[in-house]
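Engineer:
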Amino acid sequence: KQEVTQIPAALSVPEGENLVLNCSFTDSAIYNLQWFRQDPGKGLTSLLLIQSSQREQTSGRLNASLDKSSGRSTLYIAASQPGDSATYLCAVRNTGKLIFGQGTTLQVKP
Amino acid sequence: GAVVSQHPSRVICKSGTSVKIECRSLDFQATTMFWYRQFPKQSLMLMATSNEGSKATYEQGVEKDKFLINHASLTLSTLTVTSAHPEDSSFYICSATGTAAYEQYFGPGTRLTVT
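These protein sequence lines map, in sequence, to chains W and P. Sequential numbering of the first sequence, starting at 1002, is according to the numbering used here. Sequential numbering of the second sequence, starting at 238, is according to the numbering used here.
1) Per DSSP, what kind of secondary structure is D325 of chain P in: helix, strand or coil?
2) With 16 as the cutoff for other CB atoms within 10 Å, does L263 of chain P come out buried or exposed?
3) Tell me the residue span of the beta strand (DSSP E) that contains F304 of chain P.
4) If we define contact as Cβ-Cβ less than 9 Å, is L1048 of chain W a contact residue for chain P?
5) Going along the chain, which residues of its own chain have a beta-carbon closer than 7 Å to the beta-carbon of N1033 of chain W, five neighbours each way excluded?
6) To the nearest angstrom, how far is the alpha carbon of S246 of chain P from that of V240 of chain P?
7) What in chain P is Cβ-close to L1099 of chain W, meaning under 7 Å?
8) Considering only the alpha carbon of each residue, which of W:I1031, W:V1005, W:A1080 lies closest to R1062 of chain W?
9) How many whole angstroms separate the CB atoms of K1110 of chain W and S1047 of chain W, which I take to be in contact at a CB cut-off of 8 Å?
10) Run down chain P in chain order and give the residues with a C-beta less than 8 Å from the C-beta of G1104 of chain W.
11) If the criterion is Cβ atoms closer than 9 Å, does the pair F1026 of chain W and S280 of chain P meet it?
12) In chain order, what residues of the same chain lie with their CB nearer than 7 Å to the CB of S255 of chain P, ignoring the 5 residues before and after it?
13) Based on the DSSP secondary-structure assignment, which residues constitute the bridge partners of L1099 of chain W?
14) So what does DSSP say about P277 of chain P, is it helix, strand or coil?
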């Protein structure tokens, strides 16, 4: 059974810092991995999707990497801003389903 | 493109009543739709998967007679919570995939409160 773990559960940083969020999964036979952002009481916004054959994806200040063999992904946020404050969810797809981690709640202080 | 809407965004109902939540794909045909629930400060848990015109496939531990799912068209799926109780209060999120099934698009969620 696929299990997805995100560390840390919560993170507070001053504005301008670069930071890394971690995601690990137990079954490496994934189809793809997706990072989402969720603001309080809101739905999900897709940030980056990495296919199983890819190593990384970049969008603006965000960079996501994937090491399928070790069951790990990282989301790198450069030059963090208060507007980046949200919960970040990692999800892996296999057997047609998206399995989510518990999320990392990020607070960026001005 | 790839927009998924949900209605209502918030609903409050009395214990014992039923409530229906709609999920629509606005600009694509959703061959598969998924329903998730999310408790406060927890992650999304998949409840069921539905394909248009077929019966939904429920995850282990989800009561199919309590959470009725209908996927009658390629743009609409509904989740009906029957005889709702306070413990059903949660955030319900739907998502959909189109012909390019590798990416799911998520709705904005529905906050259900059962009093």
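Glycine residues also receive a C-beta, built at the ideal position from the N, C-alpha and C atoms.
Structural biologist: According to the structure data:
1) Within the second sequence, numbered from 1, the residue matching residue 325 of chain P stands at position 88. Looking at D325 of chain P - three-state DSSP - the assignment turns out to be helix.
2) By 1-based counting over the second sequence, the position of residue 263 of chain P is 26. It counts as exposed.
3) As a first step, residue 304 of chain P is located in the second sequence; it is residue number 67 there, counting from the start. Start and end: 304–310.
4) On the first sequence, residue 1048 of chain W is found 47 positions in, with the first residue counted as 1. Closer than 9 Å: no.
5) Here residue 1033 of chain W corresponds to residue number 32 of the first sequence, with the count starting at 1. Within the same chain, N1033 of chain W has close Cβ partners L1050, I1051, Q1052, S1053, R1094.
6) Taking the first residue of the second sequence as position 1, residue 246 of chain P is located at position 9. Taking the first residue of the second sequence as position 1, residue 240 of chain P is located at position 3. Their Cα atoms are separated by approximately 15 Å.
7) For the purposes of this step, residue 1099 of chain W is identified with residue 98 of the first sequence, where counting begins at 1. Simply Q341.
8) Numbered from 1 along the first sequence, position 61 holds the residue referred to as residue 1062 of chain W. Closest by alpha carbon: W:A1080.
9) One-based indexing of the first sequence puts residue 1110 of chain W at position 109. One-based indexing of the first sequence puts residue 1047 of chain W at position 46. That pair is no contact at about 26 Å.
10) As a first step, residue 1104 of chain W must be located in the first sequence, where it is residue number 103. Correct list: S280.
11) As a first step, residue 1026 of chain W is located in the first sequence; it is residue number 25 there, counting from the start. As a first step, residue 280 of chain P is located in the second sequence; it is residue number 43 there, counting from the start. No, they are not a contact pair.
12) On the second sequence, residue 255 of chain P is found 18 positions in, with the first residue counted as 1. Only T317, V318, T319, S320, A321 meet the Cβ criterion.
13) Indexing the first sequence from 1 puts residue 1099 of chain W at position 98. L1099 of chain W pairs with W:R1094.
14) As a first step, residue 277 of chain P must be located in the second sequence, where it is residue number 40. For P277 of chain P, the three-state secondary structure derived from DSSP is coil.
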